[in-house]
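Mapped onto the working numbering, the consecutive letters of the sequence shown carry residue numbers 533 to 906.
Ideal placement from N, C-alpha and C gives every residue a C-beta, glycine not left out.
Here is the structure we will look at, set down as structure tokens.
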Amino acid sequence: MGALEQPLRLPDRLAGLLPAAQSPPVFWPPVFLPPVLLLSALLLSALLLTGCASAGGPGPAGSAGATPRATPEALREAEIQREFAARVYYERLDRLNAVAWPLVTAGEPLCRQRGRARQGLGLVADSFNRRDNRRWFEALSTLWGVGEDTVVVTGVMPGGPAQRAGVRRGDVLHAANGRPLDVSGNTADLTRRLDDLAGAGPLSLELTRAGKPLSVVIPAPVGVCDTRLTVVVGDAVNAYADGKSVFATYGAMNLFAKDEDLAVVLGHELAHNILGHVRQDASGKANGATTPEQEAEADAVGLYFTARAGFSIKDAPGVWRRLAAQNPTHISAGGDHPSTAARFLNLEAVRDEILMRQAAGLPLIPRPRVVPGR
Ligand SMILES: [Zn+2]
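Listed below in structure tokens is the structure:
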């Protein structure tokens, strides 16, 4: 099979940018994993795959069973590479947060209409311990000075309440409003607990930065769309939504190197979550495939999110030409997603409608849409 015919790797039961072409990769982790665990699980799998791919390389055939013990130099190099990988991961998460924050704040009225808004501080906190973050613990302690069972700020939204109050990524949090932070539970719980505390009034945080104690008071949260944001390690060009989170792969973030293009992609996935296109069962598992109509609706509402956030949407339809070049099988494909050709035309029409509204000073609220052709 030529590279151009290669199917996309897309976990099914998720509303993706493009159709699901195969079952989920075995290493796909549950969505409630904190980013570092996600990183750990995905990178481990990626390393295993790389191991398979190099089987035909130099060295005696069939020697895979006799893996030599790593030398102290190799162990040290592995530490360096893990630290580098963690740095790269959090840089990408920073970019995802920076592009998504204007979408979820400027789009809050649209989310509120659907009962999908809440108050947010614009910070993401994770708890770390050697037990759960075995492979990454040393790297993160070098990076941020995390200790056993510590809560670290892993994301700060640019221009958000936490950043304006002086919180920085890598700050180690100890107490909120005088109470020690509970390190149990997953990232989403922890971040949400802080958001909820802030909803009741100013939030005072006790933290250490580079070993020095500090106090920070965040006066008030702001209204945001209720969604989580996750970077997925992997080259496959994809983005998807599971009803609660928006995911983007390294591959998608590379292809959409311009923030306004990445915003179109994230806006689309945010729209799936806000419009309730992906249902979750009681266990939190996403169910059901999206329809071509829902895809067209997510494209349209997503572009409204993008425009409201202040990104230029002039070249937004071009996202579909770039995706078509990456995956030519989708140029005229049907199935559960419209073709990239139909999606370009749909987005062009929505873009013109938004530009017309902006020129006329009309509010950027999407109208119910007529289903376009495939
Ligand atoms: Zn979609």
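Cβ shell of residue i (< 6 angstroms), same chain only, five flanking positions each side left out
i      : result
Cys584 : Only weak support exists for where Cys584 lies, its pLDDT of 38 falling under 50; the value from the coordinates is given anyway. Same-chain partners within the cutoff: there are none.
Thr762 : Ser777 and Phe779
Val678 : Phe660, Leu672 and Val684
Ala803 : Ala830, Val833 and Gly834
Trp676 : Val684 and Gly702
Ala694 : Leu653, Gly654, Leu655, Val688 and Ile750
Spatial distance of residue i from residue j (CA atoms)
i      : j      : result
Trp852 : Val778 : 19 angstroms
Arg650 : Leu798 : 19 angstroms
Ala483 : Ser864 : Outside the shown range of the chain, which is 533 to 906, sits residue 483, and nothing can be said about it.
His869 : Gln826 : 9 angstroms
Pro604 : Arg619 : 23 angstroms
Gly589 : Gln613 : With a pLDDT of 35 at Gly589, under the threshold of 50, the predicted position of this residue should be treated as unreliable, and no value is reported.
Ala638 : Asn878 : 23 angstroms
Trp808 : Ala617 : One detail in the question is off: residue 808 reads as Gly in this sequence, not Trp. Looking at the two C-alpha atoms, the distance is approximately 34 angstroms.
Asn665 : Gly893 : 51 angstroms
Leu896 : His800 : 16 angstroms
Val704 : Ala697 : 15 angstroms
Glu885 : Thr838 : 14 angstroms
Ser948 : His862 : Past the boundaries of the shown model lies residue 948; the chain is included only from 533 to 906, so the question cannot be answered.
Arg724 : Gly743 : 26 angstroms
Gly733 : Pro753 : 9 angstroms
Gly692 : Asn629 : 11 angstroms
Thr781 : Val796 : 15 angstroms
Where residue i falls: helix, strand or coil (DSSP)
i      : result
Leu737 : strand
Asp658 : strand
Ala746 : Per the sequence shown, residue 746 should be read as Leu rather than Ala. Strand, per DSSP.
Gly692 : coil
His809 : coil
Phe843 : coil
Ala881 : helix
Leu653 : coil
Thr637 : helix
Gly731 : helix
Val631 : helix
Whole-angstrom C-beta distance between residue j and residue i, which should lie under 8 angstroms
i      : j      : result
Pro634 : Ala841 : 4 angstroms
Arg701 : Thr686 : 7 angstroms
Gly783 : Ala768 : 5 angstroms
Arg811 : Gly755 : 25 angstroms between Cβ atoms; not a contact.
Val748 : Val699 : 6 angstroms
Leu746 : Leu735 : About 14 angstroms; that fails the 8 angstroms criterion.
Close-in-space but distant-in-sequence residues of the same chain around residue i (CB under 7 angstroms, 5 per side omitted)
i      : result
Val715 : Ser659, Asp681 and Val683
Pro849 : Phe876, Leu879, Glu880 and Arg883
Cys757 : Val636, Gly639, Glu640, Cys643, Arg648, Ala649, Leu802 and Ile806
Leu729 : Ala708, Asn709 and Leu735
Same chain, Cβ closer than 8 angstroms to residue i, five either side skipped, listed in chain order
i      : result
Ala602 : Ala610
Jot down the residue ranges of each uninterrupted beta strand (DSSP E) in the stretch 749-800, minimum 3 residues, whole runs only, in chain order.
-> 754-757, 760-764, 771-773 and 777-781
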